[in-house]
Amino acid sequence: MSPVDFELAQTVRSSVELADDLGRTSEVPPPLRGDGTGKFRVYIVGNSGIPIHSSSTVARELSKILRLPYISLDNLYWKPGWGQPSTDEFRASVRAALDMDPRGWIVDGRYEKKLGGMVSSEATDVIWLDPPLLLYFPRLCWRTFLRLLRLEPPCSPGCEERLREVFSREGIIWWSLSNHWAVRKREEELCRSDGVHVGGKRRRIGGWGRELAAWKRDVQAMLLPARQYAALPSAS
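Quick note on numbering: the sequence shown equals residues 35 to 270 in my numbering.
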């Protein structure tokens, strides 16, 4: 075990210790479950195209906090010029990425039709980002505009946005509007049966940003010695 791995393993704290620090009862689930041995396999999912609140932004931040590899399913799927691999090729590349680090991973992206439960079934935690449509849709439009001007990185290297496709029925803007409620209904059903409130691994994070900030603060607190927790900035 490397010094970094040893340090992380030593600082992962139990849910009871974290609950005490936060002034909660031990019955409140920790921000991340993990597998009980200090390993975390976290799957971040969101409604379509949620910039700032986006699954990729949160996944990258969580990757840094937990010192685990970040895996973007968009980057694995989309080839330059919007090329697409076969389902078998995609599944093989995802399998290789998941097996890369035995300590765990942080994954974001929605490709259930291609992957089935490959990612979600192996995840120790599934985090559903569910901000209001009124919050993320204007930001999605602004991000798409910046991508058209090449002022924002594309979703995958070599996959530049084009005006004709952006406003088509296959484009991200129409897809976001037409799939928002269907995605929310599906995730709500999954959370009811497998949510952290019933001992499952799925957690919904909604609202206008405060709930997400509080959750990230709790994740940091989970990895800190008790004496350092009070020094974290408040999420309020």
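Virtual Cβ for every residue (Gly too), placed ideally from N, Cα, C. Predicted model only: the values in this text are computed from it and were never measured.
- Here DSSP, grouped into helix, strand and coil, assigns residue 116 to coil.
- Counting C-beta pairs with one atom in each stretch, the stretch 155-164 and the stretch 99-109 have fewer than three that are closer than 8 Å, which means they do not touch.
- Rounded to whole angstroms, residue 205 and residue 116 show a C-alpha spacing of 12 Å.
- Between the stretch 183-192 and the stretch 104-123, the count of Cβ pairs shorter than 8 Å is three or higher; the stretches touch.
- Secondary structure in the stretch 222-267: the beta strand (DSSP E) runs of 3 residues or longer, each lying completely within the stretch, are 236-240 in chain order.
- For residue 107, the secondary structure class from DSSP, reduced to helix, strand or coil, is helix.
- If you draw a straight line from the Cα of residue 231 to the Cα of residue 198, it comes to about 44 Å.
- Annotation for residue 214: 81 and 167 place their beta carbon closer than 6 Å to its own, counting only its chain and skipping 5 residues before and after.
- With contacts defined by Cβ atoms closer than 9 Å, residue 207 and residue 180 do not form a contacting pair.
- For residue 200, the enclosing alpha helix (DSSP H) covers residues 197-200.
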